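Asker: Take this structure first; my questions come after.
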Amino acid sequence: MKEYSLSEQFALISLDGMDAIHDTVAKKVALSGIAMAEVLQKMISNGSMKNSASFGEQLAGEISRVRKMSKKERHKLEKEMAAALKAEEALTEIPNLLGCDMTYYTANVTIREYRSELREYQRIVESIRAEILEPGEVSLETVCLLYLCRETGCMHDIFSVEEQEQIQSRMIEMMASTPLYKVLLETEFHSGIRNAYLGFLRAKTNLFKNPYLEGVNLLFPFLDRKQAIFIDMVIAGTTVEERRKKTIEFLRSNGHVCEEVPMGSERFIKVDNKYYRIFPSTRSCKVPIQGIELLPVYR
């Protein structure tokens, strides 16, 4: 089993579900995170983190450089990282889930996205979760990954709202006991516009505590890697099980890995590395069109 570097691990988390073609705001944030991961990886290797005072000064300089990355530099970083992970068969390009929406599907619009290899993605995520949510020492690598996830809006992909509150308490404890962690966790590297974007995602995560509230995601699908989509199908006279089966068959035929996953009293559909719930709906066109809404699940 391959051991991935800090930057590769973070890339597998942050690029999963990301638009593989267009330079979106979400991808700019993810690539800034990957650039910071490479910085932290280098600092760990050369021993720059041993002195918290000098580490803080050096980190500030690197953050300034990352914030000033040009579009050309981001594109180069993306291509190099994607090529390396594709060579390891840890990252692939697949049709974007939004392409399964009736509007895009009937217009033959093709959108591509990255998908991290499911087992590797799960292994990395579960390793982070185990270290931070269970008692015991947390490694420097895991602290760095948590920091990067926090700064790029990936926390809600890995942890529930309740778990994030628990993690916040643990981070405060680590900052109090370890000067190095205090310097790192008190530092921010995202710019103002990306800060606003991350704030929107955090607000949206809280909005989605109501599992059937769909408006924000449908109005602003470009702000997140999860998309709410409408799939047209006959609803009248069908059962929930039949609709789930047809939905999974349709998504699989369009290049996605799908399965039903029981969670408490509900059954979600796991599409690639993200969770969704479905319910019957109707789109109003010239005539009403029956179908199902596939809505993202926010932990």
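Read in order, the letters of the sequence shown are residues -16 to 282 in my numbering. Glycine included, C-beta positions come from ideal geometry on N, C-alpha and C. Note that this is a predicted model, so its numbers are computed, not measured.
1) Suppose contacts are defined by Cβ-Cβ distances below 9 Å. Is residue 47 in contact with residue 135 by that definition?
2) Bridge partners for residue 215 per DSSP, in chain order?
3) Evaluate contact between the segment 119 to 138 and the segment 151 to 171, counting only Cβ atoms and requiring at least three cross-stretch pairs below 8 Å.
4) Judging by CA-CA distance, which residue of 242, 96, 59, 85 is the nearest neighbour of residue 77?
5) In the DSSP assignment, the beta strand (DSSP E) including residue 125 goes from what residue to what residue?
6) With a threshold of 6 Å on Cβ separation, who are the neighbours of residue 197 within its own chain once the five nearest residues in sequence on each side are excluded?
7) In the DSSP output, what is residue 253 paired with across the bridge?
8) According to DSSP, simplified to helix, strand and coil, what is residue 81?
9) Please list the segments of the beta strand (DSSP E) lying wholly inside the segment 40 to 80, counting only runs of 3 or more residues, in order along the chain.
10) Contact check, residue 166 vs residue 38 under 8 Å by CB: the rounded distance?
11) Among all the DSSP beta bridges, which residues are the ones paired with residue 96?
12) Within 10 angstroms of the Cβ of residue 107, are there 16 or more other Cβ atoms? Answer buried if so, exposed if not.
13) Buried or exposed: where does residue 72 fall if 16 or more other Cβ atoms within 10 Å of its Cβ makes it buried?
14) In angstroms with no decimal places, state the Cα-to-Cα distance between residue 140 and residue 257.
15) Find the nearest neighbour of residue 225 within the set 50, 263, 80, judged by alpha-carbon distance.
16) Following the continuous alpha helix (DSSP H) through residue 164, name the residue where it begins and the one where it ends.
17) Looking at the ligand NAP, does it come within less than 8 Å of residue 217, judged from the CB to the closest heavy atom?
18) Relative to the alpha-carbon of residue 28, which residue among 138, 104, 219, 123 has its alpha-carbon at the smallest distance?
19) When the Cα atoms are used, what is the spatial distance from residue 155 to residue 50?
20) Do you know whose CA, among 265, 232, 273, lies nearest residue 253's CA?
21) Pick helix, strand or coil for residue 35, following the three-state DSSP scheme.
Answerer: In this structure, then:
1) For the purposes of this step, residue 47 is identified with residue 64 of the sequence shown, where counting begins at 1. For the purposes of this step, residue 135 is identified with residue 152 of the sequence shown, where counting begins at 1. Contact annotation: residue 47 and residue 135 have beta-carbon atoms that are not nearer than 9 Å.
2) Here residue 215 corresponds to residue number 232 of the sequence shown, with the count starting at 1. DSSP lists 274 as the bridge partner or partners of residue 215.
3) The answer is yes - the segment 151 to 171 touches the segment 119 to 138, with three or more Cβ pairs under 8 Å.
4) Taking the first residue of the sequence shown as position 1, residue 77 is located at position 94. The closest CA to that of residue 77, considering only 242, 96, 59, 85, is found on 96.
5) The residue given as residue 125 occupies position 142 in the sequence shown. Here residue 125 belongs to no beta strand (DSSP E); instead the alpha helix (DSSP H) covers 123 to 135.
6) As a first step, residue 197 is located in the sequence shown; it is residue number 214 there, counting from the start. The predicted position of residue 197 is uncertain, since its pLDDT is 38 and thus under 50; no value can be drawn from it.
7) For the purposes of this step, residue 253 is identified with residue 270 of the sequence shown, where counting begins at 1. Answer is 242, 258.
8) Translated into positions along the sequence shown, residue 81 becomes position 98. Under the three-state reduction of DSSP, residue 81 is assigned to helix.
9) List check, beta strand (DSSP E) in window: 74 to 78.
10) By 1-based counting over the sequence shown, the position of residue 166 is 183. By 1-based counting over the sequence shown, the position of residue 38 is 55. Indeed, because the Cβ distance is near 6 Å, the residues count as touching under 8 Å.
11) Looking up residue 96 in the sequence shown gives position 113. Answer is 2, 77.
12) Here residue 107 refers to the residue found at position 124 of the sequence shown. Flag for residue 107 reads buried.
13) Within the sequence shown, the letter at position 89 stands for residue 72. In summary, residue 72 is exposed, with fewer than 16 beta-carbon neighbours lying within 10 Å of its beta-carbon over all protein chains present.
14) Counting from 1 along the sequence shown, the entry for residue 140 is found at position 157. Counting from 1 along the sequence shown, the entry for residue 257 is found at position 274. One Cα belongs to residue 140, the other to residue 257, and the distance between them is close to 8 Å.
15) Along the sequence shown, read from residue 1 onward, the residue named residue 225 stands at position 242. Nearest to residue 225 by C-alpha distance, out of 50, 263, 80, is 263.
16) Counted from its first residue, the sequence shown places residue 164 at position 181. Its alpha helix (DSSP H) spans residues 162 to 168.
17) This structure lacks the ligand NAP, and indeed carries no ligand of any kind.
18) Counting from 1 along the sequence shown, the entry for residue 28 is found at position 45. Among 138, 104, 219, 123, the Cα nearest to that of residue 28 belongs to 123.
19) Here residue 155 refers to the residue found at position 172 when the sequence shown is read from its first residue. Here residue 50 refers to the residue found at position 67 when the sequence shown is read from its first residue. Rounded to whole angstroms, residue 155 and residue 50 show a C-alpha spacing of 26 Å.
20) Within the sequence shown, residue 253 is the residue found at index 270, counting from 1. The candidate whose alpha carbon is nearest that of residue 253 is 232.
21) Stepping through the sequence shown from its first residue, residue 35 is reached at position 52. The answer is helix: DSSP assigns residue 35 an H, G or I state.
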